[in-house]
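Asker: Chains as they are written, first to last, in the numbering used here: chain A, 818 to 1027; chain B, 818 to 1027.
2 protein chains.
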Amino acid sequence: MAVRKRDPEKTRTHLLQVGFQEIYQNGFQGVSVDQIVGKSSVTKGAFFHYFPTKSDLGYAIVDEFLREMILERWIRPLAAYPNPVQGILNRFKKNIVAWPEENLIRGCPLNNLSQEMSAVDPVFREKLQVVMNLWIDETEKYLKKAKTDGYLKKTVQTKQLAQFIVTLQEGTYAMAKTLGDRKVFDSLYGSLRAHLEILSSSPTRDDVRE
Amino acid sequence: MAVRKRDPEKTRTHLLQVGFQEIYQNGFQGVSVDQIVGKSSVTKGAFFHYFPTKSDLGYAIVDEFLREMILERWIRPLAAYPNPVQGILNRFKKNIVAWPEENLIRGCPLNNLSQEMSAVDPVFREKLQVVMNLWIDETEKYLKKAKTDGYLKKTVQTKQLAQFIVTLQEGTYAMAKTLGDRKVFDSLYGSLRAHLEILSSSPTRDDVRE
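(1) If you pair each beta-carbon of the stretch 892-907 of chain B with each one of the stretch 1011-1025 of chain B, do three or more pairs fall below 8 Å?
(2) For a test of your reading of the model: does the CB of Val1001(A) fall under 7 Å from any non-hydrogen atom of the ligand SAH? Yes or no.
(3) Which residues, in chain order, does the stretch 898-932 of chain B contribute to contact with chain A at a C-beta distance below 7 Å?
(4) What does Lys994(A) touch in chain B if you count any residue whose Cβ is under 8 Å from its own?
(5) Give me the Cα-Cα distance between Ala897(B) and Asn907(B), rounded to the nearest whole angstrom.
(6) Once the 5 residues before and after Val835(B) are set aside, which same chain residues still bring their CB inside 7 Å of it?
(7) Find the residues of chain B that neighbour His1012(A), judging by a C-beta separation of less than 7 Å, and give them in chain order.
(8) Based on Cα-Cα distance, which residue from Lys944(A), Thr828(A), Gly988(A) and Phe845(A) lies nearest to Asp880(A)?
(9) Pick out whichever of Gln980(B), Phe864(B) and Ala877(B) has its Cα sitting closest to the Cα of Trp952(B).
(10) Taking 8 Å as the cut-off, does the stretch 823-843 of chain A touch the stretch 917-928 of chain A (at least 3 CB pairs, one atom from each stretch)?
(11) Where Met949(A) and Thr995(B) are concerned, what is the direct C-alpha to C-alpha distance, given to the nearest angstrom?
(12) How about Gln977(B) and Gly1007(A): do their beta carbons lie closer than 8 Å?
(13) Does the beta carbon of Glu839(A) come closer than 8 Å to any beta carbon on chain B?
(14) By how many angstroms is the C-alpha of Leu969(B) removed from the C-alpha of Leu960(A)?
(15) Return helix, strand or coil for Leu969(A), following the three-state DSSP convention.
(16) Could you run through the stretch 937-950 of chain B and flag, in chain order, every residue whose CB is less than 8 Å away from some CB of chain A?
(17) Tell me the rounded alpha-carbon separation between Gln918(A) and Thr975(A).
(18) Could you check what DSSP says for Ser1017(A) in three-state terms: helix, strand or coil?
(19) Within 8 Å (strictly less), CB to CB, does Ile1015(B) reach chain A?
(20) Closer than 7 Å, Cβ to Cβ, to anything on chain A: give me those residues from the stretch 968-991 of chain B, in chain order.
(21) Let me know if Leu1016(A) comes out buried or exposed under the rule of 16 or more other beta-carbons within 10 Å of its beta-carbon.
(22) Any beta carbon of chain A sitting closer than 8 Å to that of Gly862(B)?
(23) When the Cα of Ser931(B) is compared with those of Phe865(B), Phe845(B), Asp1003(B) and Lys861(B), which residue comes out closest?
(24) If we cut at 8 Å on Cβ distances, does Leu1005(A) have a partner in chain B?
(25) Let me check understanding here. Comparing Cα to Cα, which of Ile892(B), Ile878(B), Leu888(B) and Leu832(B) lies closest to His866(B)?
(26) Listing by chain order, which chain B residues have their CB less than 9 Å from the CB of Gln842(A)?
(27) To which residues of the same chain is Arg1010(A) closer than 8 Å at the C-beta, ignoring the five residues directly before and after it?
(28) I'd like to know whether the C-beta of Gly836(A) is nearer than 8 Å to at least one C-beta of chain B.
(29) With 8 Å set as the bound, which would you pick, yes or no: does the beta-carbon of Val1001(B) sit closer than that to a beta-carbon of chain A?
(30) Since Val879(A) is in the alpha helix (DSSP H), which residue starts that stretch and which ends it?
(31) If we cut at 8 Å on Cβ distances, does Gly997(B) have a partner in chain A?
(32) Which residue wins for smallest C-alpha separation from Leu849(A), given the options Glu826(A), Leu985(A), Leu874(A) and Thr828(A)?
(33) Given that Gln846(A) touches chain B, what residues does it touch there, using C-beta distances under 7 Å?
(34) Ser1008(B) touches chain A at which residues, Cβ-Cβ below 7 Å?
(35) So, at 7 Å on beta carbons, what are the nonlocal neighbours of Phe1002(A) in its own chain, with the 5 sequence-adjacent residues on each side left out?
(36) Could you give the distance in angstroms between the alpha-carbon of Glu955(A) and the alpha-carbon of Thr984(B)?
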């Protein structure tokens, strides 16, 4: 059965998905609207109907895709853990174990876009800051909860620890990308675990069961 | 007095310097040979005499500039410290205090190039890996010395710790770039210091005197 009616929302999402993949593989500045249109099922005219410029597509990817990706991958799963510190460690381990081999040298899409575009385009910078601050702030909420519930020592500065955790999470993907070697994942997980263990009031477990 | 003789080595270095600055400001894919030539004092013909392609210029920047920058900024100064752990902390603090405001949103040139180009170009990837591994290996040499000389606990795994330190150093510049906020420097320095303090056999000082 042929699709009779156009579905603008679906077309827009399709372009975001294709754009995300092309940018992830080639960098934002390394990809053209023609390339994205070529990989999509829409015309160039349709592209420009939804996104007046390539930058507008890029901004929407940050606002919608990357924001959602961070929440889904790093934040929402923490709600299932009585001890959020255990949750942070388990999610980190799960995410590095599940990270596809072909993405190893591609790294984290948020970090890529930030390192490539923050200095070049102030609108990108502002939008990427919103997502990064959201990641840090949401992590801190769980650290505060851990402190209140007696899992973290009372002396822990939750803002500082949240910045440290997110920096190490991002740094881990950046390092694995640069070295092209996933062995560094385990090494950095070990360091994060040792760091959090020192700040914890109760011991954490080294497993990925939930 | 006019320069009568061409100095090939000087011209090549001049092109490397201009290329480095242009790439640092615009990204590798965001800059053209015409732009680099336009900012330089040489002709396009001369450029192609030294570097057959823009990529050849980029590769030389990694092999020569970035390698030298890492050694000069992070490794060679450590020789002056009896306790290398103290040296690593002091250099980190010195480097973040001295980091120019205009470079804040530009981040680390090595990290930028790696995040932008490692997935796109295997020659870049290989060359960037050489520099990153050099940074980690040289850091580990000093950690081994610290362990031998009794500054680090005997249980410390120096390879793992070297990877952690370099990942956090790189991650710190990446995070300050994304957030556009140098306050995160002090926060992450504090976390690194706490981490190293735990692994040390003797206390470290929080100052930047040498």
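Cβ atoms here follow ideal geometry from the backbone N, Cα and C, with glycine treated the same way.
Owing to the predicted nature of the structure, the values given are computational and were not obtained by experimental measurement.
Answerer: Quick look at the numbers:
(1) yes
(2) As far as ligands go, the structure on display features none, and thus does not contain the ligand SAH.
(3) For the stretch 898-932 of chain B, the residues whose beta carbon sits under 7 Å from a beta carbon of chain A are, in order, Ile922, Arg923, Gly924, Asn928, Asn929, Ser931 and Gln932.
(4) Ser931, Gln932, Ser935 and Ala936
(5) 11 Å
(6) Leaving aside the five residues that flank Val835(B) on each side, the residues in its chain whose CB is nearer than 7 Å to its CB run, in chain order, Ile853, Lys856 and Ser857.
(7) His1012
(8) Lys944(A)
(9) Put simply, of Gln980(B), Phe864(B) and Ala877(B) the residue whose alpha carbon is nearest the alpha carbon of Trp952(B) is Gln980(B).
(10) With a cut-off of 8 Å, the stretch 823-843 of chain A and the stretch 917-928 of chain A count as touching, because enough Cβ pairs lie within range.
(11) Between the alpha carbons of Met949(A) and Thr995(B) lies a distance of about 8 Å.
(12) yes
(13) For Glu839(A), the nearest beta carbon of chain B is not closer than 8 Å to its own beta carbon.
(14) 29 Å
(15) strand
(16) Val937, Arg942, Leu945, Gln946, Met949 and Asn950
(17) Residue identity differs from the one stated: residue 918(A) is Glu in this sequence, not Gln. One C-alpha to the other measures close to 33 Å.
(18) strand
(19) By this cut-off, Ile1015(B) is an interface position.
(20) Gln977, Gln980, Phe981, Thr984, Leu985, Glu987, Gly988, Thr989 and Ala991
(21) buried
(22) no
(23) Phe845(B)
(24) yes
(25) Leu832(B)
(26) Ala936 and Val937
(27) Leu906, Thr1021 and Asp1023
(28) no
(29) With respect to chain A, the C-beta atom of Val1001(B) has a partner C-beta closer than 8 Å.
(30) Unbroken run through Val879(A): none, as it is neither H nor E.
(31) yes
(32) The question names Leu, yet the displayed sequence has Ser at residue 849(A). It is Leu874(A) whose Cα lies nearest to the Cα of Ser849(A).
(33) Gly844, Gln846 and Gly847
(34) Gln977 and Phe981
(35) Ile913, Thr989 and Ala993
(36) 23 Å
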